[in-house]
Each structure stands twice: as structure tokens, then as C-alpha cells.
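In the working numbering, the protein residues as written are 32 to 333.
We put the beta carbon where it would ideally sit given N, CA and C, even for glycine.
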Amino acid sequence: MVSEMDRIKCTGCGACAAGCPVRCIELKPDGEGFVYPVIDRERCTRCGICDEICHARCLVKGGAGRPATFIAYNKDQKDRISSSSGGIFISLARQVILEGGVVYGAALDEDMRVRHIRVETEDCLSELQGSKYVQSHISPGVYDSVSEDLKSGRRVLYSGTPCQIGALNCFLAGGQDNLVTVSFICRGVPSPLVWEKYLDWQQGRKRSKVRRAFFRNKDSGWLEYSIKLLFENGQTYRRRHTDDPYLQAFLKGVCLRPACHSCQYKGEQILPYCTDILLADKWGEVNGDLPGIGDDKGVSLV
């Protein structure tokens with residue numbers, strides 16, 4: 032059963048809890064703040080479905096050939112500045128909404144916890160913009176909602192880490208013509224508990240609750256991005272990624288989920304093929320004369 036799985040492999044995706052027909056699996060945090068499945072053995076029927084849909088137990092297969100690759104950025108300056116890289120995701124999401132579809136992705140709630148949510152109006156898409164350097168919680172209801180949307184014939188754009196995309200694909204058990212998955216080159220997911228402690232520290236210093244958080248703020252440019260916190264009392268905290276303790280802990284890999292250190296989705300033979308669209312920062316020089324590439328507002332590799 033999934034509760035007996037090597038914890039080094041578990042990514043905390045929650046697909047097992049969503050797929051359990053008697054809902055006897057609950058995700059609970061360990062001492063480091065990472066969630067793992069816990070099974071109510073008295074209710075468990077030992078059907079084995081949780082094992083079947085566990086993406087960590089499946090061999091990730093590589094693809095053949097070379098995927099099409101592009102350098103791109105959003106021409107809308109507001110969209111671009113509000114995004115972590117070149118603003119490509121918001122363009123994709125907006126098009127899906129305009130076509131009557133729905134979009135799923137990570138958002139910060141009122142308590143600054145990161146959760147996957149469902150969006151079907153353009154006004155709410157901003158909640159999904161920008162990187163969230165915390166592991167996102169995906170409830171069983173999200174998996175159920177995606178499945179229902181697809182069954183009803185609606186187009187679904189689902190964004191997440193490569194392992195979250197893998198988990199959804201295993202949960203759905205096969206190709207879905209109306210599903211478009213979007214992922215990104217992932218550095219790993221930090222502990223929600225570390226994020227919570229960081230917020231407690233910041234709120235204690237400012238004597239106010241954080242009302243908004245931006246992990247890739249571009250006030251100082253895309254290359255020198257910052258973390259920016261807005262407090263209810265009107266104060267602001269902004270530090271470059273080289274100077275903030277939380278971002279440094281993330282970038283140095285000291286607060287990542289154990290499974291991230293042995294990620295089965297990494298590598299050029301696997302990563303580009305685990306999702307329909309893969310996004311990343313386009314660092315470095317670009318050959319050719321492309322307007323706007325060097326303006327330090329963000330460029331995406333697609």
C-alpha cells in the first residue's frame with residue numbers, strides 16, 4: 032500500500048487519496064511539514080487502486096525525437112511584469128478561458144498557504160500567475176473536479192510541477208483530448224512548514240499579517256528578482272533573492288522535499304515529455320535580433 036512506500040519517493044501529490052473509492056487515505060504532515068498518505072486500515076478494502084495510480088511507483092518513460100522549442104514573451108507589458116518569466120502561461124490560460132474552458136493551478140489563499148484551485152473567469156487568472164516557492168496542496172476535490180470537467184467536454188488547462196502533472200495523468204489513467212498540461216523546469220518544492228515559520232518571523236517583525244506575497248518580484252528587474260511581501264498595516268518587505276533567507280534556503284536546496292533530491296522527472300530524455308507544454312526562464316544570450324529580449328522584463332523558454 033502507499034503508506035508502506037519509501038518516503039524518499041513520495042511527492043505528496045494526493046492522487047492516492049483522491050482515487051481511493053472509500054476515501055480512507057488522508058494526507059498528513061510530518062515533522063518537516065511535508066504531507067504523506069496515512070491509511071485508515073479499518074476502512075481500507077485493500078483494492079490496490081492507490082498503488083495503481085501512484086505515479087511514484089510507475090516508471091517514467093522518455094520520449095522520442097526532439098520537442099519543438101521556442102523563445103517567447105508576452106507583448107502585454109502588465110502580464111509580463113506580473114509573471115515570473117515571459118508571461119506565457121497567462122496567455123495560454125486566458126485563451127482557454129475565452130474558449131469556455133477552465134484552468135487549474137497553484138494560488139495563495141488568505142492564510143498564505145499554497146493550494147491548487149479551479150478558475151473559470153479571466154478576472155481570477157491573476158491568482159495563478161507567478162511562481163510559488165512552496166509545495167502546493169492538491170485536495171481530492173481538485174482531482175474530482177478535473178475529471179468532471181473533462182467528462183463534460185470542457186477544455187482543461189492544468190498547471191503544476193512535473194510530478195503533479197504525472198500524478199494527474201496516472202489518476203486519469205490515459206490520454207484526454209480536452210486536457211492540456213503545462214509544467215516548468217522545477218528546482219524542487221520547499222516545506223510548507225518552513226514557509227509558515229518564515230511568515231511568522233516576518234509578521235512578528237512588522238507586527239502585521241502578510242496579505243500578499245510575490246516570490247519573483249521584478250521591481251529591480253528580472254535578473255535581480257526579489258521576494259516581496261505586502262502587510263495589512265501598509266508596510267512592505269522586499270529583498271533580492273541573494274539576500275533573503277527563505278529564497279536562499281530554497282535556492283540552496285536545504286528545505287526541499289526528500290523526493291526532490293532523487294526526482295524521476297529530471298533529465299532531457301524525460302522532462303520535456305511528461306507534459307504538453309514545458310516553460311522555463313530563458314537565461315543567457317539569444318542569437319539574432321529579437322526586440323525586447325534584453326529589456327530585463329523576462330523571457331521564456333517554451
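DSSP, reduced to helix, strand and coil, places residue 237 within a helical segment of the structure shown. Across the set 172, 164 and 233, the C-alpha of 164 shows the shortest separation from the C-alpha of residue 218. With fewer than 16 other CB atoms across the displayed protein chains lying within 10 angstroms of its CB, residue 97 is exposed.
A Cβ-Cβ separation of about 11 Å leaves residue 161 out of contact with residue 329 under the 8 Å criterion. Under the criterion of beta carbons closer than 8 Å, residue 50 and residue 202 qualify as touching, at roughly 6 Å. Collapsing the DSSP output to three states places residue 229 in a helix. Shown here, residue 331 sits in a strand according to DSSP, grouped into three states.
Judged by pairs of C-beta atoms under 8 Å, the stretch 42-61 does not touch the stretch 300-316, as fewer than three such pairs exist. Assigned with DSSP and collapsed to three states, residue 281 falls in helix.
If you ignore the 5 residues before and after residue 284, its C-beta comes within less than 7 Å of the C-beta of 219, all in its own chain and listed in chain order.
Under the DSSP assignment, residue 136 falls in the beta strand (DSSP E) whose first and last residues are 133-139. The stretch 79-91 makes contact with the stretch 190-205; the number of CB pairs closer than 8 Å reaches 3 or more.
Membership of residue 196 in the alpha helix (DSSP H) is indicated by the continuous run 193-203. Rounded to whole angstroms, the separation of the alpha carbons of residue 134 and residue 176 is 11 Å.
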